[in-house]
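Here's the structure, in structure tokens; my notes come after.
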Amino acid sequence: MDIMQALDAIWSARWPLLDGFGNTILISAVSILLGTPLGVGVGLILSYGNRVLRFIVRLYSDFLRGTPVFVLILACFYILSIVGIQLSAFQAGVFALTLFCSSHVGEIVQGALKTIPKGQTEAAKSVGLTFFGTFFSVLLPQALRMILPTWVTTATEIVKASTLLSVIGVVELLLATQQVISRTYLSLELYFFAGLVFFLINFAIEKAGRFVERKVSLPN
Amino acid sequence: MDYDFNFAAVWRDFDILLSGLGLGLVLAVISIAIGCLIGLCLAFAMLSKKRSIRWAATVYVSVFRNTPILVLILFTFFALPEFGINLGKIESFIVTLSVYSGAYLTEVFRSGLVSLPPGLREAGLTVGLTEFRTKILITIPVMFRRVLPALGNNFISLFKDTSLAAVIAVPELTFYARKINVETFRVIETWLVASLMYVIACSIIAAILRRTENRLAIPK
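These protein sequence lines are chains P and D, in that order. Quick note: the first sequence uses our numbering, first residue 3, plus one each step. Quick note: the second sequence uses our numbering, first residue 2, plus one each step.
Here it is, written out as structure tokens:
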């Protein structure tokens with residue numbers, strides 16, 4: 003193992019690698035930003051929807067959580083183009099990750115709403131708040147504190163799952179690294195490098211999450 | 002959308018899909034067994050009095066939880082041979098998945114151990130058991146019964162992660178699904194059947210786990 007040689011290879015491929023890094027961040031950010039509101043909707047329906055709606059969304063969520071993300075990504079990539087929705091590999095991948103994110107956020111939101119005592123909803127209703135008023139000014143602020151730690155974990159899961167897009171040909175950080183490997187044969191050093199970068203991204207997300215958690219935690 | 006469904010191609014190869022599902026289950030079972038050993042050792046390390054041991058266990062957990070499993074799989078398979086460690090693809094995948102699950106299970110076991118009342122260990126020592134036998138005979142069995150739900154969830158997500166073995170050509174369900182997809186172009190049928198197989202397998206595992214949990218639950 004020659005470290006200088008590896009650093010040299012990384013340095014001379016810095017632009018493609020940086021490009022891949024940017025794509026990884028973009029894929030993860032878009033999937034989380036789209037998946038989270040969708041997931042809140044899923045959680046709301048699971049908690050307050052009527053029976054039919056709840057059943058449909060339950061199926062949606064269970065199906066998505068029972069399928070491996072990898073299969074979900076391959077299925078979205080191949081199936082969408084067959085049914086006439088022309089998406090690039092990038093878009094199909096982001097679509098799959100968004101679905102994945104929404105089902106997980108949905109479960110988290112439902113779980114958090116379940117733990118809030120019923121008295122809170124009743125109190126809100128008795129002072130005359132509407133459903134949305136109750137949700138946004140009474141339940142959501144309380145639920146958010148419970149959601150935050152698990153949501154941060156979901157975000158790191160999405161970053162990790164974004165590597166799977168390399169299999170359908172999206173040049174994110176892993177595929178960019180693999181392209182350098184196929185030129186230089188430095189598989190050990192470069193896979194280590196890719197792993198390190200992913201670790202740092204997720205470590206940063208985790209630390210940021212902890213920081214926010216501490217800021218918003220209630221004094222007891 | 003004009004697409005003629007034709008499941009014949011998928012049914013013809015249904016037995017190899019099933020064998021792939023079986024291989025995935027076997028991989029998950031072996032990996033979680035090894036992962037449990039790693040997790041147990043590291044959970045005790047996390048609670049050790051020595052700071053350096055605690056720190057080493059924390060680093061392990063943090064590194065393997067925050068690195069994408071796909072990068073770990075590729076690293077073990079393609080980069081470790083440079084160290085002279087040559088593993089077949091199935092062995093290599095089992096090693097990766099065990100190490101990966103070890104990190105998750107450490108957290109599970111650690112919180113399980115912390116939640117045990119100290120009187121349990123004290124009672125063991127009082128009746129004359131050594132520290133080691135107290136752990137084996139009392140602490141660990143009780144802890145296992147407490148963490149069973151978390152352990153089950155980890156098993157299900159490990160089972161889903163076995164789909165990634167397809168990337169290094171381990172012939173499990175996703176590998177065969179990709180093969181059938183490419184050979185027959187029955188895209189929707191293939192992915193529908195493959196993901197349904199995963200969903201159904203996961204539901205069955207979840208149901209079995211819930212029954213076991215109920216049977217082994219510590220009576221209040």
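The beta carbon of each residue, even a glycine, is placed where N, CA and C say it ideally should be. Bear in mind the structure is a predicted one, so any value in this text is a computation, not a measurement.
Tell me the start and end of each unbroken alpha helix (DSSP H) in the stretch 20-73 of chain P that is at least 4 residues and wholly inside, in chain order. Counting only runs that start and end inside the stretch 20-73 of chain P, the alpha helix (DSSP H) elements of at least 4 residues fall at 53-68.
Can you give the Cα-Cα distance for R111/D and F201/P, rounded to whole angstroms? Looking at the two C-alpha atoms, the distance is approximately 22 Å.
Please determine if the stretch 140-148 of chain P and the stretch 77-85 of chain P are in contact, where contact requires at least 3 C-beta pairs separated by less than 8 Å. In the pairwise beta carbon analysis, the stretch 140-148 of chain P is classified as not touching the stretch 77-85 of chain P: fewer than three pairs are separated by under 8 Å.
Please report the straight-line C-alpha distance between L74/P and I160/P, rounded to a whole angstrom. Cα to Cα, the separation comes out at about 13 Å.
Comparing the C-beta of T97/D with each C-beta of chain P, is any distance below 8 Å? By this cut-off, T97/D is not an interface position.
Using only the alpha-carbon positions, how far apart do G22/P and F102/P sit? Cα-Cα distance, rounded: 22 Å.
Is the stretch 48-68 of chain P touching the stretch 166-177 of chain D in the sense that three or more CB pairs, one from each, lie closer than 8 Å? With a cut-off of 8 Å, the stretch 48-68 of chain P and the stretch 166-177 of chain D do not count as touching, because too few Cβ pairs lie within range.
Could you pull the start and end residues of the alpha helix (DSSP H) that S116/D belongs to? Secondary structure note for S116/D: its alpha helix (DSSP H) is the uninterrupted segment 90-116.
CB F75/D to CB Y61/D, shorter than 8 Å? It should be pointed out that residue 75/D corresponds to Leu in this sequence rather than to Phe. For the 8 Å CB-CB criterion, L75/D and Y61/D do not form a contact.
Going along chain D, which residues have a C-beta under 7 Å from A77/P? Chain-ordered, the chain D residues with CB closer than 7 Å to the CB of A77/P read W192, S196.
What span of residues does the alpha helix (DSSP H) with G121/P cover, start to end? In the DSSP annotation of this structure, the continuous segment of the alpha helix (DSSP H) that includes G121/P starts and ends at 120-128.
CB of V107/P within 8 Å of CB of G51/P, strictly: Judged by their CB atoms, V107/P and G51/P are not nearer to each other than the 8 Å cut-off.
Contact under 8 Å by Cβ, F156/D with A29/D: A contact, by the Cβ cut-off of 8 Å.
Listing by chain order, which chain D residues have their CB less than 9 Å from the CB of S63/P? Going along chain D, no residue has its Cβ under 9 Å from S63/P, so there is no contact; the nearest lies around 11 Å.
Report the residues of the stretch 202-213 of chain P with a CB closer than 9 Å to any CB of chain D, ordered along the chain. Those would be L202, I203, N204, F205, I207, E208, in chain order.
Please compile the residues from chain D whose C-beta is within a distance smaller than 7 Å of the C-beta of A196/P. Neighbours of A196/P on chain D, chain order: V72.
Chain-ordered residues of the stretch 164-175 of chain P with a beta carbon less than 7 Å from chain D: Result list: T165, L166, V169.
Collapsed DSSP secondary structure at L220/P in the structure displayed: For L220/P, the three-state secondary structure derived from DSSP is coil.
Give the secondary structure of A172/D by DSSP, where H, G and I count as helix, E and B as strand, and everything else as coil. Before going on, a small fix: residue 172/D reads as Pro here, not Ala. The answer is coil: DSSP assigns P172/D none of H, G, I, E or B.
Residues in the same chain with beta-carbon distance under 7 Å from F72/P, minus the five sequence neighbours each way, listed in chain order, please. In the same chain as F72/P, and ignoring 5 residues on each side of it, the C-beta atoms closer than 7 Å to its own belong to L166, in chain order.
Between the Cα of L28/P and those of L55/P, P221/P, I203/P, S219/P, spot the shortest distance and give me the residue it belongs to. The shortest Cα separation from L28/P among L55/P, P221/P, I203/P, S219/P belongs to I203/P.
I want to know whether the stretch 186-201 of chain D touches the stretch 126-137 of chain D - three or more CB-CB distances under 8 Å. Counting Cβ pairs under 8 Å, fewer than three are found: no touch.
Pick from L138/D, M144/D, Y101/D, I137/D: whose alpha carbon is nearest that of P118/D? The shortest C-alpha to C-alpha distance from P118/D to any of L138/D, M144/D, Y101/D, I137/D is the one to M144/D.
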